[in-house]
Amino acid sequence: MEINMFHVIPRAEQNQSPNRTILFEGGQYGTPVSLFLMDAEPGQGPALHIHPYPETWLIHSGEAQFTVGEKTLIGKAGDIIVVDPGTPHRFVNSGNTRLEMTCIHASDHVIQEWL
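When you read off a place in the sequence shown, starting at 1, and then add 6, the result is the number in my numbering.
And the structure:
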């Protein structure tokens with residue numbers, strides 16, 4: 007007997023913020039991964055923060071300026087950026103169009119310390 011378990015979370019049931027960003031925390035679905043589906047206007051982005059696990063960003067469209075530790079870099083559509091655990095970081099939509107990006111957290115829930 008084969009048992010296949012899966013979950014489909016319809017768009018209408020996803021945890022969406024007023025600025026259209028969606029948060030998915032995997033713990034309630036038995037997966038050790040959480041993510042944000044970012045949808046940010048020019049100039050938007052989170053303040054400086056850290057996580058006790060790595061974070062990976064995949065930029066789908068637009069461009070972002072990342073501050074990672076003491077370094078600043080620009081990421082563009084198609085780029086993948088990885089930050090080590092405990093590294094202070096932030097990003098801001100530095101383009102003139104929407105920033106669509108997946109922020110992957112290697113944890114079953116998001117742990118974020120604002121600096």
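Ideal placement from N, C-alpha and C gives every residue a C-beta, glycine not left out.
Delimiting residues of the beta strand (DSSP E) encompassing residue i
{"i": "residue 98", "result": "95 to 99"}
{"i": "residue 88", "result": "86 to 89"}
One or two residues paired with residue i in a DSSP bridge
{"i": "residue 119", "result": "56"}
{"i": "residue 70", "result": "81, 99"}
{"i": "residue 111", "result": "40, 61"}
{"i": "residue 22", "result": "28"}
{"i": "residue 106", "result": "45, 67"}
Residue i burial status per 10 Å Cβ neighbour count (16 or more: buried)
{"i": "residue 111", "result": "buried"}
{"i": "residue 99", "result": "buried"}
{"i": "residue 79", "result": "exposed"}
{"i": "residue 120", "result": "exposed"}
{"i": "residue 19", "result": "exposed"}
{"i": "residue 55", "result": "exposed"}
{"i": "residue 61", "result": "buried"}
{"i": "residue 90", "result": "exposed"}
{"i": "residue 46", "result": "buried"}
{"i": "residue 53", "result": "exposed"}
Contact belief for residue i with residue j at Cβ below 8 Å, rounded distance in angstroms
{"i": "residue 51", "j": "residue 12", "result": "Going by Cβ atoms, the distance from residue 51 to residue 12 rounds to 33 Å, so no, they are not a contact pair."}
{"i": "residue 106", "j": "residue 81", "result": "That belief does not hold up - the Cβ atoms of residue 106 and residue 81 are roughly 12 Å apart, past 8 Å."}
{"i": "residue 34", "j": "residue 28", "result": "About 15 Å; that fails the 8 Å criterion."}
{"i": "residue 32", "j": "residue 114", "result": "5 Å"}
{"i": "residue 66", "j": "residue 108", "result": "7 Å"}
{"i": "residue 117", "j": "residue 58", "result": "6 Å"}
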